[in-house]
Structures are given as C-alpha cells and as structure tokens.
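Contents: one structure, followed by commentary.
In the working numbering, the protein residues as written are 1 to 240.
Right under this line is the structure:
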C-alpha cells in the first residue's frame, strides 16, 4: 500500500498553502503515528527544569500572536489516518506485552516533551523540532531490526517536513541543530545489545516513546492555537 500512497501524500503536502504547513503537517504525522503504533496514549516522561524565555503565562508580544495564528485549526487527520493506519500491524502482533514494560527500555537519550507550564512557545517549538531530529536518528536503530518496513520512510518524510515548518515559525530557527555524525554514532552506540530479543524490544521502545512524544506535541500545539484569555464555556443544558 505504501509505495502507491507516498506520491499522493507528497503531492498533498506540497499543495498546501504556506501558512498551513505546520498545522496540517503536524496533524498528519501525529494522527498517523497515534493509530499506526496501536499503543494507548501515555503522558510523557518528566521534564527537567528549563530556562524560560518569557514569564510564566505571558503570551503577549508579536511572537505569541504569530504562533497562535499559524497553529490554528488542526485538520485533515482522517485523510492521513485512513491511508496509513495499517502500516504498523507487524509491531502489534510480534510481541504480546504490556506497554508499561517498554518503560524498562527507555533511554536517557529519548527527547522530552514540552512542560505544561513555565515554558515559552519559542522554547517549546525548538524542543519539538530538536526532538524530532533526535528521534529521526533513533529510527536508524529501528531500521536495523526492521529493514523492510515502510514505516521508516513514512516517518522520515513527515518528520522532516514538520521540522522545516516549525523552524519557519521560530524566531531563532538557527538554534535547531541536526546531530553531527559523531553525535549520531554515540547516540546509536548506546543502544547496541548482542541479544536479539533485547534489540527488538529497544526498537519497540523507541517507537512507543516517539509516539508518546508526538501525542504530547499535539497537546502543546493545540494549546498554542487557543486564543489568549480563552476560557472553556460550560455546556448549556438541553431544553426538554
């Protein structure tokens, strides 16, 4: 299915208007991976304290307004999901394990999500882009165990597009740096294991935590698109 669909996805992406890149591309990959991995959503790992570019809760300024405008109306989730939802079936059936078990295979090198508070939008966008670049490198470990899987190509296609789109929305895009060859080598070297089962479990763990990272990323992007001072309104009672 994948080879036939990939040109369609590629054409779909390039047909999007420039200002829609981030919201549509992020929705595409996030929705696809959420169903493709066939794993329940889980909250991300705790995040270490970070320096905050802006005071807590401060969404004032041109930067905040621009990000809110660019990230509005996440859509076309169903379109991508319907085309990619079967690609991860091999991972669902290979092992029968509890998702919690994958936490034992978590590596310190796995990127962390954006904190829910005390973190500026610029810093969050930087973390999302940098995290995607890191996970793209970690996928090389998955590719070693599953060299014929079309998932890798799909994830790389959409992850790269999202990174580019996010950087376009950043004020300091130069802060997002691809890993050097030495850094990549060190990152992957730390995942090497002579045991076949352990290697496959690490591959599953990478995909699971990548999935979690993307779910949390979607939450962060949704928060960014909410208008300033937005307060959810209670549902009115239906008239009898």
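The C-beta atom is built at its ideal place from N, Cα and C for all residues, glycine as well.
DSSP places residue 125 in the helix class (H, G or I) of the three-state scheme. In this structure, the beta-carbon distance from residue 191 to residue 141 falls below 8 angstroms.
Residue burial is scored here from C-beta neighbours: residue 116 has fewer than 16 other C-beta atoms within 10 angstroms and is therefore classed as exposed. According to the DSSP assignment, residue 156 belongs to the alpha helix (DSSP H) that extends over 151–169. Linking residue 105 to residue 216 through their CA atoms gives a straight-line distance of about 20 angstroms. Cβ-Cβ separation between residue 145 and residue 189: approximately 16 angstroms, too far for a contact (criterion under 8 angstroms). Between residue 209 and residue 110, the C-beta gap is smaller than 8 angstroms, which places the two residues in contact. Measuring C-alpha to C-alpha distances from residue 121 to each of 170, 202 and 214 identifies 170 as the nearest. Inter-residue distance for residue 174 and residue 166 is about 12 angstroms (C-alpha atoms, whole angstroms).
Spatial neighbours of residue 131 in its own chain (CB-CB distance under 7 angstroms, excluding positions within 5 residues in sequence) are listed in chain order as 111 and 213.
If you ignore the 5 residues before and after residue 124, its C-beta comes within less than 6 angstroms of the C-beta of 114 and 220, all in its own chain and listed in chain order.
Judged by beta-carbon spacing, residue 137 lies within the 8 angstroms limit of residue 179, meaning their Cβ atoms are closer than that value. Closest in C-alpha terms to residue 161, from the list 129, 197 and 184, comes 129. According to the DSSP assignment, residue 181 belongs to the alpha helix (DSSP H) that extends over 181–189.
Here residue 181 is exposed. Its C-beta has fewer than 16 other C-beta atoms within 10 Å. A residue is called buried when at least 16 other Cβ atoms come within 10 angstroms of its Cβ; residue 134 meets this threshold and is buried. Distance from residue 139 to residue 127 at the Cβ level is roughly 18 angstroms; contact not present, criterion being Cβ atoms closer than 8 angstroms. Burial is judged here by how many other beta carbons sit within 10 angstroms of a residue's own beta carbon; residue 211 has at least 16 and is buried. In the same chain as residue 107, and ignoring 5 residues on each side of it, the C-beta atoms closer than 7 angstroms to its own belong to 190 and 191, in chain order. Linking residue 149 to residue 224 through their CA atoms gives a straight-line distance of about 34 angstroms. Only exposed fits residue 197, as fewer than 16 other CB atoms lie within 10 angstroms of its CB.
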